[in-house]
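Here the UniProt record's numbering is used: position 459 in the sequence shown is 459, and no number is missing along the way.
Every residue gets a Cβ at the ideal spot worked out from N, C-alpha and C, and that includes glycine.
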Amino acid sequence: MPFPPALPGPRSRGPRPDGAAPRRRAGALGLALTAALAGTLLVAPGAVGADRVVARDAMERVVAGGLGDALVGGSWSTTTPGDLSVGGGVGTITLPAPGTARTATLASTGARDVLVGASFAVPVHAPAGGGYTVGVALRRTAAGDAYLARVRVAPGGETRVGLVHRAANGVTTDLAAETSLGRLAPGTWFRVEGRATGSDAVDLGARAWVRGGTAPAWQLAARDTSARRLAAAGSVGLFAYASSSSPAGRVLVDNVEASETTAATTPVTPPPVTPPPVTPPPVTPPPVTPTPTTPTSGREATRAGATVGSTRYAVPSGAVVVAPSGDDGAAGTAAAPLRTLARAVERAPEGGTVVLRGGSYHESLVLRKRLTVQSWPGEAVWLDGSSRVDSWTASGGAWTTRWTLDFDPSPTYTWGAGEAGAAAGWRFVDPAYPMAAHPDQVWVDGVAQVQVGSRDQLAPGRFFLDRRGDVLHLGTDPRGREVRVSDLQQAVNVRVAGATLRGLGVRRYAPSVPHMGAVTLEQPRATLEEVAVVDSATTGIAVSASDVTLRHVTSSRSGMLGVTATYADRLLVDGLRAEGNNVERFNQAPVSGGIKVARSRDVTVRHSTSAGNRGPGVWFDESAYDIEVVGNDLRDNAGHGTSLELSARAVFADNLVSGNGRDGIKVNNTSDVKIWNNTFTGNGRTLNVVQDPRRASDRGTPGHDPRQPFPDPTMTWLLGPVTVRNNVVADTASGNCLLCVEDYSKQRSAEQIGVTADGDVYHRTSPGTPTWAVVWSRGAGNPAVFTDLASFSRTTGQEGRGVLVTGADVVDAAGRPTGAFPGHGRAVGLPSDVAALVGQPAGTARVGAFGL
């Protein structure tokens, strides 16, 4: 059955702006309406209010077929008059079958800048499936394009508000991430309102609340500057839709009002989550994926990551308490807890505390109130983005179930953008793993299944989502097993300053790449403490605000990246465990691995572990300034242990860097770097210090921080000076040198760059492994190479205290000194600034990382 004219066109995923949520497809109809989640609010008529009323209808008449004539605005137009009627003071819209949509339009209104609202009620909730969705159309064109503000009422009464653009050709763009509203009883009246103003840039908003309450601030906001924006005047209208997985139903409508305005209140637009910049690096050799065999170091075992259920935060007086067995109509006390986090956040006062009892909560939350959200002492709390699926049908050697969620597989940080124009070798998605950016996730008895692109690729351990047919195919026999499928994309978006989340677990959410992460921290002074984020489809945690703290946080088994941070000044990462990320095998560049930080100042990563990631362990890129990487274990990553790129002023000290597939540390176009008392073993090139042709004086080269002046005197992208002291530089696995200093632009020698080295212990297993102890830039022409340390020292005056050991290992795989270690007698005393960072007395003279 085709769409009615008010919502024409075939199904399409279409592009989405930053923060957009997934849409739930409506089977063959393909109506772009989203699913899932819990909620709150919604209204008294007349809340729109503005300069000139262009439509008003109190439904005070009797009409058997259609809605008749509005009080203001002319006649209601619909292609299905038999399913609409007016009587008893309300309008009724009947949805006669699963997957049906019904619309009504006031075509004569013709306003461009409008506020539109209507009150709705759902007398009987759908018993199953996606439920019923209602809303208002803003600025609908004669061709069928429209902006829609909508609310979906799921089985059980859980609701959420959305804001979308629907094109005449069926392409739907979600304009803002949906907001959870709460749980409504059957028959509860609520109001939906939307606004659209402007032409060159169209500002839009949506909100909803329970009748009798006060109209809230705009809950969703967006600005549409795309070529497909609806810039001209249009008509307004109503719509209702029954999910293709829900039975027939009906909804009630009343108190429709639309006003043309020249002074509409601008919605509060959530700050954008800025993606990590993407800057092509110089050509590098192909990555070598390491075998993760490095033992955990003794200092690592007790300090990094979070253990869900182990925290014992005090429950303050007046805290709002939530439990899986609670009731959202209860008092919210320990004796009478609420049932949903969304309801608790609504109830809690500004600055208050929400405490969750142990169990699982299937919710998404946009936090706009300064709160502390924490676990009950000693209880394991999980926000879970998946649902159990038990209805499967055997089909041709596989098993199938109907599935209408359609997550956006955009492979870059731009909604709807592909990678056709990206340079070879510089694309997010590796052609060998083409499904990497598809956020769909399935588990069978806790084991993640691998997504494939066609039915004929199915096998045990794999699944295929047929988007055209709305069918999920499973290659593993589900009988007698628990099958879980991700149906929510984001767990928490923190959009208020000073919020704290602690003692929680977050699992199985499915953010698309442009969502930035399952958990996003978008306002200053947010804190994550003892929080574990696991099994996220793309990125676990995203930070885009200043003064954020991540303390004893885990981000593991993310599809692409554990943690990303951009414009995150004064970020403190203390005790992070970023482990086993990039499970979907995105290309290592431009973004992958444990943690990546860009365009941020005064950033500390300490006492953390980044291990077993298919990408770099820690990556600073594009105008990061004043960096401290201290006391970390960076091991068994497929990329560099650490990369400092296009940045300035960094201290890298007291780190164990072991078993990484590429360089132990790569310092690339970064100035003022201090590398002290680290233990490197079993990496590619151990210390790789390079300059390439990029310069910050070139405005056309990507990577500048737009918040800083141009030119930025603190950010030259000129390598040096680089100080190398008291490191164990041992046992390269695949590199051709131990200390490697090169200028690919052939302009400066190592001396001109300002590289100095002393007090380091070098090790190789034989004179030819590697052959070159040191590669040393001479500016123009090829660099000098030294096969032993003595000749290097005589020629350059460097490493007067250094020593090269050939033969038995000087440290084991965990970085602990062996009997072949030559001792600390030739070490350089720690300067006071580095000593303070590593927690040692100034003047301490020893080689390698402390505490191993």
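Report task. Determine the contact status of A258 and V447, defining contact as a CB-CB distance below 8 Å. Result -> no
Query - Exposure label - E346; buried when at least 16 CB within 10 Å - result: buried
Query - Beta-carbon proximity check, L852 vs L719, cutoff 8 Å - result: no
Query raised in the report: Where do the ends of the alpha helix (DSSP H) carrying R343 lie?
Result: L341 to R347
Query raised in the report: Considering only C-alpha positions, which residue in the set R525, P524 and Y509 is nearest to A518?
Result: Y509
Query raised in the report: What residue from V256, V315, S317 and T141 has the CA that sits closest to A232's CA?
Result: T141
Query raised in the report: DSSP on A790, reduced to helix/strand/coil?
Result: helix
Requested in this report: Locate the alpha helix (DSSP H) running through V838, then write down its first and last residues.
Outcome: S832 to V838
Query raised in the report: What residues match up with N493 in a beta bridge as DSSP calls it?
Result: V366 and T520
Query raised in the report: Is it the case that the Cβ atoms of V134 and A240 are separated by a distance below 8 Å?
Result: yes
Query raised in the report: By the 10 Å Cβ neighbour count, where 16 or more other Cβ atoms means buried, how is A143 classified, buried or exposed?
Result: exposed
**Report entry** Candidates G385, A814, A97 and G182, of which the one nearest residue 856 by Cα
**Finding:** The structure shown does not extend to residue 856, since the chain spans only 1 to 852, so no value can be given for it.
Query raised in the report: Using the beta-carbon count (16 or more within 10 Å), is D743 buried or exposed?
Result: buried
Query raised in the report: Is it a yes or a no for the segment 619-627 touching the segment 587-597, going by three-plus beta-carbon pairs under 8 Å?
Result: yes
Query raised in the report: What are the residues that DSSP puts in a beta bridge with G117?
Result: E193 and E257
Report task. With DSSP as the reference, label T796 as helix, strand or coil. Result -> helix
Query raised in the report: At what residues does the alpha helix (DSSP H) containing A750 begin and finish?
Result: A750 to I753
Query raised in the report: So G135 is in the beta strand (DSSP E); what residue range does that whole segment cover?
Result: Y132 to R140
**Report entry** Bounding residues of the beta strand (DSSP E) (the contiguous stretch that carries N688)
**Finding:** L687 to Q691
Report task. Give the C-beta separation of L367 and R495 to the nearest angstrom, bearing in mind that I take them to be a contact with Cβ-Cβ under 8 Å. Result -> 6 Å
Query raised in the report: Whole-angstrom Cβ separation of G505 and W382, contact assumed at under 8 Å?
Result: 4 Å
Query raised in the report: Where does S600 land, buried or exposed, given buried means 16+ other C-beta within 10 angstroms?
Result: buried
Requested in this report: State buried or exposed for A459, treating a residue as buried only when at least 16 other CB atoms are found within 10 Å of its CB.
Outcome: exposed
Requested in this report: Classify G851 as helix, strand or coil using the three-state DSSP reduction.
Outcome: coil
Query - Cβ shell of R229 (< 6 Å), same chain only, five flanking positions each side left out - result: V202
Query raised in the report: Are the Cβ atoms of T538 and P439 separated by less than 8 Å?
Result: yes
Query - Rounded Cβ spacing between V690 and K674 (contact assumed at less than 8 Å) - result: That belief does not hold up - the Cβ atoms of V690 and K674 are roughly 17 Å apart, past 8 Å.
Report task. Determine the DSSP secondary structure at Q441, reduced to helix, strand or coil. Result -> coil
Query raised in the report: What residues in its chain sit with their C-beta under 7 Å from that of T476, if we drop five residues either side in the sequence?
Result: V444, Q449, P460 and G461
Query raised in the report: Which of helix, strand or coil does DSSP assign to P271?
Result: The pLDDT assigned to P271 is 38, lower than 50, so where the model puts this residue is not dependable; a value taken from the coordinates is nonetheless given after this. Reduced to three states, the DSSP call for P271 is coil.
Query raised in the report: Residue range of the beta strand (DSSP E) that Q374 falls in?
Result: T372 to S375
Query raised in the report: Among the residues of its own chain, which have a CB less than 6 Å from the CB of T94, if the five just before and after it don't count?
Result: D83 and R250
**Report entry** DSSP-derived helix/strand/coil call for G641
**Finding:** coil
Requested in this report: Go through its chain and collect everything with a Cβ distance to A334's Cβ below 7 Å, but skip five positions before and after it.
Outcome: V321
Requested in this report: Starting from H165, follow its DSSP beta bridges and name the residues at the other end.
Outcome: Y147 and T173
Report task. Would you mind working out which of S364, G326, P349 and S697 sits nearest L356, comparing C-alpha positions? Result -> G326
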